[in-house]
Amino acid sequence: MPRHLKPLKRALAVAAVALAAVSLQPGSAQADHIHSGSARATARTADPSPGVVGGTRATQGEFPWMVRLSMGCGGALYTQQIVLTAAHCVDGSGPDTSITAITGDVDLKGAKAVSTRSTDVLQAPGYNGKGKDWALVRLAKPVNQPTLKIADTTAQNNGEFTIAGWGADREGGRQQRYLLKAKVPFVDDATCKKAYGNQLTPGDEICAGYIDKGGVDTCQGDSGGPMFRKDAAGGWIQVGIVSWGQGCAEPGYPGVYTEVSTFAADIKKAAKGLGG
Ligand code: ARG
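Residue numbers -31 to -1, 1 to 245, in mature numbering (1 follows the signal peptide of the UniProt record, and there is no 0), belong to the letters of the sequence shown in order.
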């Protein structure tokens, strides 16, 4: 994963705390999620950050297209048999029966949780760790859940977004058993570039978070999961894929998401190719 070398180098200069910071690693090794509190505050005090607005539990059936993948990532049902996730969550393209997808329950150990194996993986063509962070996982059989529509224009790339996942609930924290959700505002490219400079690929990526106060964000283990909002017709539409960020919920460092509208045509074509 060449991607996190640069950010890491940068973080070294800042502090040892920041070492685990900017990373594209899926959540199995590290962890976090819809985090609460600035990383700095969390690192300096044993207490989990005072007065923060982190995630809350999603209710059963609220986001029925949410998927938990066994490598420690999130995803969303693009079709009932194809999961849209992040390129950095998978190893490459081709037949692959090693991934298990859990759907159907906010509780990963719940009675409604259904496990389905993968058959194939398609990683974004040309993915090299910078931008293009999307991939498809084809499942052995269709899942009986609604799908999440993806944005194919930039019309929805603004406003307030919802994020959800089973990743860690704070920087360096553990993966969650119950699905968490939170809301984060859109951050424009110019503002996001101030945080990340050339690490950001503006056409491929869309940022979100509370720039000033931090405190709400996705985190390790949420990667591949959707960032979404309501469209004009009142239905959910996916605008982002959890990709990376410096730490989690740190003030000044928004979360970076794959800009789904940029890749909508590619995703559609790739899904057709997977025949599902
Ligand atoms: N790369 C992480 C993962 O694999 C997601 C990190 C998101 N970070 C953030 N600050 N929004 O799960």
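Using N, Cα and C, we set each Cβ at its ideal position, and we do this for glycine too.
Note that the coordinates shown come from a computational prediction; the quantities given were computed from them, not determined experimentally.
Residue i Cβ short of 7 Å to the ligand ARG heavy atom set
i	result
SER67	no
GLY221	no
GLN92	no
ASP173	no
SER39	no
THR227	no
ARG100	Note that residue 100 is Gly in the sequence shown, not Arg. It does not: the Cβ of GLY100 is nowhere closer than 7 Å to a heavy atom of the ligand ARG.
CYS176	no
ASP191	yes
THR131	no
VAL211	yes
GLY24	no
ASP157	no
GLY214	yes
GLY142	no
ASP186	yes
Cβ shell of residue i (< 8 Å), same chain only, five flanking positions each side left out
i	result
ILE206	LEU117, LYS118, ILE119, ALA120, GLN125, PHE197, ARG198, LYS199, ASP200
GLN114	PRO33, TRP34, LEU46, GLN49, THR72, GLY73
GLY95	LYS101
Cβ neighbours of residue i in the same chain (closer than 6 Å, five flanking residues each side left out)
i	result
PRO154	GLU129
ALA(-16)	With a pLDDT of only 37 at ALA(-16), under the threshold of 50, the placement of this residue in the model should not be trusted; the figure read from the coordinates follows. Taken in chain order, the list of residues that qualify is empty.
GLN29	VAL75
ARG26	TYR147
ARG9	With a pLDDT of only 33 at ARG9, under 50, the local geometry of the prediction cannot be trusted, and no value is derived from it.
Where residue i falls, given that 16 or more other Cβ within 10 Å makes a residue buried
i	result
ALA133	buried
LYS101	buried
ALA202	exposed
SER192	buried
PRO195	buried
ALA159	exposed
SER87	buried
SER67	exposed
residue 279	Summary: the structure shown does not reach residue 279, with the chain confined to residues -31 through 245, and so no result is reported for it.
Beta-bridge partners of residue i, as assigned by DSSP
i	result
ILE132	ALA151, MET196
GLN207	ILE119, PHE197
THR227	GLU174, ILE210
Beta carbon proximity, residue i to chain C, threshold 8 Å
i	result
LYS163	Although the question refers to chain C, the structure presented lacks it and comprises just one protein chain.
Contacting residues, own chain, Cβ-Cβ under 7 Å from residue i (five flanking each side not counted)
i	result
ALA239	LEU91, LEU105
SER62	VAL90, LEU91, GLN92
THR231	GLY172, ASP173
Completely contained beta strand (DSSP E) runs for the segment 10 to 94, where each covers 3 or more residues: Entirely contained in the segment 10 to 94, the beta strand (DSSP E) runs reaching 3 residues are, in chain order, 35 to 38, 42 to 48, 51 to 54, 69 to 72, 83 to 92.
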